[in-house]
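Numbering (the working numbering), first residue to last: 354 to 838. Cβ atoms here follow ideal geometry from the backbone N, Cα and C, with glycine treated the same way. Everything on this sheet refers to the single structure shown next.
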């Protein structure tokens with residue numbers, strides 16, 4: 354039985370490194386438009402010091418040069434006819450998409466309050482949550498999202514608002530939920546295409562770990578309307594969450610090859626924390642002016658969310674995952690002081706182009722205004738700072754270095770079971786024969802390329818393989834990352 358004592362906070366956790374401060378202040382979108390963008394007037398958050406010291410001089414010089422113009426997303430992907438036609442509806446009446454799908458924070462607050470019988474008294478420890486919601490919704494309304502994108506995002510906002518209010522009511526009525534800590538979560542992080550997703554799904558086969566599913570993350574509390582409705586689907590989170598999970602591939606079929614979304618699959622922390630209204634999900638979907646993520650508040654929200662999910666269950670050890678944790682390790686450990694972090698590693702010549710490609714497609718799902726050139730530059734800036742910076746962070750005492758497990762993509766693909774067994778040994782966990790069998794069975798039913806192949810080359814996004822390896826040389830050398838040709 355895990356200890357019920359709240360894990361001690363790491364003594365030096367407040368010493369946030371420069372690369373983390375820089376990452377938090379690089380503009381309103383993820384990836385940011387300007388590598389050194391400071392907080393604009395009226396934004397939530399404080400102004401950061403200049404961030405040029407947080408990245409290599411070579412990167413600073415190269416980013417100062419006028420970049421080549423990359424192919425726009427419209428030349429890379431073709432929208433399905435149904436999406437194109439819906440997006441044309443705004444133009445057909447001579448207006449903007451917001452005329453058809455307005456996103457008004459006041460209207461959404463009124464809608465949620467009426468449906469739920471008023472707003473709860475509590476605030477989950479964040480008295481500014483409503484301000485954050487209004488700022489975010491206003492920024493989304495002012496963005497260049499097309500009609501389908503606005504509809505998708507408005508639904509997410511309203512559902513996230515309801516989720517937050519229902520969660521607040523649950524914790525207000527049962528304050529003992531907060532008494533049980535989130536104990537020793539296992540957290541997977543690393544750049545895209547470094548094995549984080551398959552590792553997450555295979556670890557989730559361990560009956561001793563609990564990974565939140567998409568259905569739980571989107572609908573952690575039963576809908577009050579379900580009791581009075583004849584439609585039983587309102588009481589089934591798996592059915593309710595299908596509209597959000599599977600529509601991504603409907604809007605852009607190529608997305609299925611990039612990342613499978615399904616109601617019953619383990620889901621990333623960016624989905625869990627949508628209701629904080631200051632998490633990175635919102636900054637991925639479009640460039641948003643006047644809004645800034647706040648990871649510290651975001652982590653506090655996630656902890657309470659997990660406490661609500663685990664209430665009444667047997668002893669729970671959570672399994673979590675998001676690439677963005679890599680840039681925020683001190684803040685992560687400030688909230689989850691006894692976490693195990695599994696950091697995945699792969700040749701940057703493979704991971705950086707994939708990260709840009711994936712992020713560009715995520716934005717293209719909702720907007721025509723994707724600045725591919727800035728996105729490529731800024732993703733490299735953020736990950737160069739995060740990956741190179743993780744060396745010093747892990748060695749400095751800012752985080753507990755003995756709570757990290759390094760997993761290399763090359764080893765994972767060469768002998769997956771042996772790699773998992775070694776990771777378990779480092780965490781002093783038992784990797785059972787039944788778990789190994791479940792892993793092999795899972796892989797047999799989910800072969801690589803099952804939903805197509807996500808194709809990308811460094812040159813597609815303005816990079817070269819050797820240029821990427823040069824920028825990430827400290828990271829490659831320190832962790833012994835294998836080169837892939």
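Item: Close-in-space but distant-in-sequence residues of the same chain around residue 836 (CB under 6 Å, 5 per side omitted); Value: 700
Item: With 16 other Cβ atoms within 10 Å as the buried cut-off, status of residue 547; Value: buried
Item: Runs of alpha helix (DSSP H) wholly within the stretch 562-614 (minimum 4 residues, chain order); Value: 567-571, 578-581, 590-593, 595-598, 600-604 and 608-611
Item: Residue 799 burial status per 10 Å Cβ neighbour count (16 or more: buried); Value: exposed
Item: Euclidean distance between Cα positions of residue 441 and residue 509; Value: 22 Å
Item: Among 489, 733 and 498, nearest to residue 453 - alpha-carbon criterion; Value: 498
Item: Spatially closest choice to residue 560 from 829, 828, 782 and 827, by CA coordinates; Value: 782
Item: Where residue 435 falls, given that 16 or more other Cβ within 10 Å makes a residue buried; Value: exposed
Item: Residue 483 - DSSP class collapsed to helix/strand/coil; Value: helix
Item: Three-way DSSP call (helix, strand, coil) for residue 691 in this model; Value: coil
Item: Residue 766 classed as buried or exposed, judged by whether at least 16 other C-beta atoms fall within 10 angstroms; Value: exposed
Item: Beta-carbon contacts of residue 569 that lie in its chain and below 7 Å, excluding the five residues immediately before and after; Value: 590 and 662
Item: Contiguous alpha helix (DSSP H) assignments of at least 4 residues, all confined to the stretch 679-724; Value: 682-688 and 701-717
Item: Residues near residue 511 in its chain [Cβ-Cβ closer than 6 Å; skip 5 each side]; Value: 461
Item: Alpha helix (DSSP H) runs wholly inside the stretch 480-559, at least 4 long, in chain order; Value: 482-495, 500-526 and 549-556
Item: For residue 644, three-class secondary structure by DSSP; Value: coil
Item: Under 8 Å between C-beta atoms of residue 673 and residue 540; Value: yes
Item: Spatial neighbours of residue 827 in its chain, beta-carbon cut-off 6 Å, leaving aside the 5 residues before and after; Value: 741
Item: Continuous beta strand (DSSP E) assignments of at least 3 residues falling wholly in the stretch 729-769; Value: 757-761
Item: Cβ pair count under 8 Å reaching 3, the stretch 481-499 against the stretch 624-639; Value: yes
Item: Buried versus exposed call for residue 423 [16 or more other C-beta atoms within 10 Å across all chains shown]; Value: buried
Item: Validate contact between the stretch 695-712 and the stretch 806-818 using beta carbons, cut 8 Å, 3 pairs; Value: yes
Item: Beta-ladder partner(s) of residue 671, from DSSP; Value: 563
Item: Rounded straight-line distance, which links the Cα of residue 719 to that of residue 388; Value: Low confidence applies to residue 388: its pLDDT is 32, below 50, so where it sits in the model is not reliable, and the reading given next is rough at best. Between residue 388 and residue 719, the C-alpha separation is close to 23 Å.
Item: Nearest residue (CA-CA) to residue 554, options 522, 467, 671 and 480; Value: 671
Item: Outcome for residue 502 when other beta-carbon atoms lying within 10 angstroms are tallied against a minimum of 16; Value: buried
Item: 8 Å Cβ shell around residue 779 - same chain, five flanking residues per side excluded; Value: 758
Item: Near the ligand MN: residue 818 beta-carbon under 7 Å from a heavy atom; Value: This structure lacks the ligand MN; in fact it carries no ligand of any kind.
Item: For residue 617, the nearest candidate out of 533, 571 and 433 (CA to CA); Value: 571
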